[in-house]
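Peer 1: Dropping the structure in here first, questions after.
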Amino acid sequence: MLGAMFLQQTFATLGRSLPPIIAPAILEDLALDPAWLGIYVAAAAMSALLFQLGCGSFILRYGAMRMSQVALVMLGLGMAIATAGPVVLFLVSGVIGGGAAAMSTPASSHLLGRYSPPRQAPLVFSVKQTAVPAGLLIAGILGPWLTGLTGWRGALLTAAVACLVFAAMLEPLRAEFDSDRVPSQAFRLSDFHTTITGVIGVPALRRLAFACFAYNGLQTVFTSYFVVALTELGHGLAAAGLVFSVAMVIAVPGRIFWGWLGSGRVDPTVVMCWLALGMAGGAAAMGLLGPSWPLLLIGVVATVLSATVMSWHGVLLAEAARLAAPGQRGAATGGVLSFGQLGGLLLPLVYSGVLVLTGNHGYGFAACGLPALVVGLVLLRAPRDHEAR
Numbered sequence: 028m029l030g031a032m033f034l035q036q037t038f039a040t041l042g043r044s045l046p047p048i049i050a051p052a053i054l055e056d057l058a059l060d061p062a063w064l065g066i067y068v069a070a071a072a073m074s075a076l077l078f079q080l081g082c083g084s085f086i087l088r089y090g091a092m093r094m095s096q097v098a099l100v101m102l103g104l105g106m107a108i109a110t111a112g113p114v115v116l117f118l119v120s121g122v123i124g125g126g127a128a129a130m131s132t133p134a135s136s137h138l139l140g141r142y143s144p145p146r147q148a149p150l151v152f153s154v155k156q157t158a159v160p161a162g163l164l165i166a167g168i169l170g171p172w173l174t175g176l177t178g179w180r181g182a183l184l185t186a187a188v189a190c191l192v193f194a195a196m197l198e199p200l201r202a203e204f205d206s207d208r209v210p211s212q213a214f215r216l217s218d219f220h221t222t223i224t225g226v227i228g229v230p231a232l233r234r235l236a237f238a239c240f241a242y243n244g245l246q247t248v249f250t251s252y253f254v255v256a257l258t259e260l261g262h263g264l265a266a267a268g269l270v271f272s273v274a275m276v277i278a279v280p281g282r283i284f285w286g287w288l289g290s291g292r293v294d295p296t297v298v299m300c301w302l303a304l305g306m307a308g309g310a311a312a313m314g315l316l317g318p319s320w321p322l323l324l325i326g327v328v329a330t331v332l333s334a335t336v337m338s339w340h341g342v343l344l345a346e347a348a349r350l351a352a353p354g355q356r357g358a359a360t361g362g363v364l365s366f367g368q369l370g371g372l373l374l375p376l377v378y379s380g381v382l383v384l385t386g387n388h389g390y391g392f393a394a395c396g397l398p399a400l401v402v403g404l405v406l407l408r409a410p411r412d413h414e415a416r
């Protein structure tokens, strides 16, 4: 089960991150300003927000494995649509892909919550979530290579086919992993309100939601703009993609380490506090980014960001699943993650605004790191394990 969910998350991450990774080639071909990327990312985040708020009922009705398959099929179709060319279709693909990728995490969290021992849940969730940097690593290495070989359209179509093939490969697992589905479960518009109030009404979940806002917002900025920022400084797409990919390697042991630490060794709230302060520091360092920076120094800062802003997921998701009401793990994690999608919607727009006003990518990173600093300070004062649970 863990292996299947790892691969599912890897393909979902690949599908969502590939367009921003190869964005320099797309922007050049379509003659678009780099600030436009923020609009694309924000559209994807808005779609993800809606999908995560509403996916809980669908997970219960059709099963987490089935919804994982649906997400992969939608991702494939979204990337195929993007290759049609017109900018409006590229935005449509972002809406489809953003919503599809958003469903994958609540679906996998529902399954992991069923099968994971509670005490080891942060570690199990963290191992599964290493699929995100794995997907980014693949996108960072293969994306520029395929773009050079087949063009950006060929790269997207290749990834689309891979998502569709893996969705079909998951079909034999449905009998076991969707055995808890509730066919009578109906979707209602009130589910959106219920999901939000279910998160806001529990103080510990509310803190997780606002932390997710800051973490995911900065992560979205990092994964969407890092390669573009390097190419704007004069580095080639292949070199920028390589630096990004090398940094992503750190996120794999980073996620496992933070998950291991939060599995009974250090209170998860403390771990998330350290992560928030670390990513805020990395974003502040990116604020000094300039043409004189060598790639090695940029890589060091990117590594710090990768170890924090790319490594929080397992600890936070395990806490959200643990605090959820029985049978509501998918809805609870979807609700918490919807705040993350709100961060993924707003912070790229902040970044684009800062970029338009100043023309400086570093200032955009620094501005988007401020919410993480606030969250870190708030978590310093949060109730610890014996009070929150």
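Residue numbers for the sequence shown follow our numbering, beginning at 28 and rising by one.
Note that CB positions come from ideal geometry on N, CA and C, so glycine has one too.
Since we're looking at a predicted model, the values are computed, not measured.
(1) Check residue 345 in the structure and name its three-state DSSP category.
(2) Can you list, in chain order, the residues of its chain with a C-beta nearer than 7 Å to that of residue 369? Leave out the 5 residues immediately preceding and following it.
(3) Going by DSSP in three states, residue 62 sits in which element: helix, strand or coil?
(4) With H, G and I counted as helix, E and B as strand and the rest as coil, what does DSSP make of residue 296?
(5) Going residue by residue through the segment 124–195, where are the continuous alpha helix (DSSP H) segments of at least 4 residues, counting only ones entirely within it?
(6) With a threshold of 16 other CB atoms inside 10 Å of the CB of residue 249, please say whether the residue is buried or exposed.
(7) If distances are taken between C-alpha atoms only, which option among 391, 103, 113 and 98 comes closest to residue 58?
(8) Between the Cα of residue 186 and those of 271, 203, 166 and 197, spot the shortest distance and give me the residue it belongs to.
(9) Count the other CB atoms, across all protein chains shown, that sit within 10 Å of the CB of residue 177; report buried if there are 16 or more and exposed otherwise.
(10) Are the beta-carbon atoms belonging to residue 376 and residue 69 less than 7 Å from one another?
(11) Closest by CA to residue 408, which one among 36, 142, 275 and 299?
(12) Give me the Cα-Cα distance between residue 414 and residue 259, rounded to the nearest whole angstrom.
(13) Could you check whether the segment 315–332 touches the segment 128–140, counting it as contact only if at least three pairs of C-beta atoms, one from each stretch, sit closer than 8 Å?
(14) What does the alpha-carbon distance come out to for the pair residue 172 and residue 293?
(15) Is residue 417 helix, strand or coil by DSSP?
(16) Which of helix, strand or coil does DSSP assign to residue 43?
(17) How long is the line joining the alpha carbons of residue 39 and residue 395, rounded to whole angstroms?
(18) On the three-state DSSP scale, how would you describe residue 106?
(19) What do you reckon, are the CB atoms on residue 342 and residue 287 nearer than 7 Å?
(20) Contact between the segment 77–97 and the segment 199–211: three or more CB pairs below 8 Å?
(21) So which of 402, 362 and 82 has the shortest CA-CA distance to residue 344?
(22) Evaluate residue 406 with the Cβ neighbour count: other Cβ atoms within 10 Å of its Cβ, from every protein chain shown; 16 or more gives buried, anything less gives exposed.
(23) Compare the beta carbon distance of residue 162 and residue 41 with 7 Å and say whether it is the shorter of the two.
(24) Once DSSP output is grouped into helix, strand and coil, what is the label at residue 425?
(25) Alpha carbon to alpha carbon, how far is residue 199 from residue 403? Give it in angstroms, no decimals.
(26) If we count the other Cβ atoms within 10 Å of its Cβ and call it buried at 16 or more, is residue 384 buried or exposed?
(27) When you compare only the Cα positions, how much space is there between residue 245 and residue 160?
(28) What do you reckon, are the CB atoms on residue 296 and residue 183 nearer than 7 Å?
(29) Can you round the beta-carbon distance between residue 242 and residue 399 to whole angstroms, since I take them to be within the 8 Å contact cut?
(30) Quick check on this structure: which residue in 92, 227, 332 and 257 has the alpha carbon closest to the alpha carbon of residue 195?
(31) Where does residue 387 sit, in a helix, a strand or coil, going by DSSP?
(32) Which whole-angstrom value is the C-beta distance of residue 64 and residue 50, which I expect to be below 8 Å?
(33) Which of the three DSSP states, helix, strand or coil, is assigned to residue 408?
(34) Which whole-angstrom value describes the C-beta separation of residue 73 and residue 372, a residue pair presumed to lie in contact below a C-beta threshold of 8 Å?
(35) By the DSSP assignment, the alpha helix (DSSP H) with residue 280 in it spans what residues?
(36) Can you tell which of 367, 389, 237 and 264 has the C-alpha that lies nearest to the C-alpha of residue 308?
Peer 2: Taking the geometry as given:
(1) The answer is helix: DSSP assigns residue 345 an H, G or I state.
(2) 76 and 240
(3) coil
(4) helix
(5) 148–156
(6) In this structure residue 249 is buried. Its beta-carbon is surrounded by 16 or more other beta-carbon atoms within 10 angstroms.
(7) 113
(8) 166
(9) exposed
(10) yes
(11) 299
(12) Because the pLDDT of residue 414 is 41, which lies under 50, any placement of that residue in the model is unreliable, and the question is left without a value.
(13) no
(14) 41 Å
(15) It is not possible to answer for residue 417, since the shown part of the chain is limited to 28 through 416.
(16) helix
(17) 25 Å
(18) helix
(19) no
(20) yes
(21) 362
(22) Its Cβ being crowded by 16 or more others within 10 Å, residue 406 is buried.
(23) yes
(24) Given a span of 28 to 416 for the chain in the structure shown, any question on residue 425 remains unanswerable.
(25) When rounded, the distance between both Cα atoms is 43 Å.
(26) exposed
(27) Those two C-alpha atoms are separated by around 15 Å.
(28) no
(29) The pair is a contact, with the Cβ atoms about 7 Å apart (cut-off 8 Å).
(30) 92
(31) coil
(32) 5 Å
(33) coil
(34) 5 Å
(35) Unbroken alpha helix (DSSP H) run through residue 280: 264–289.
(36) 389
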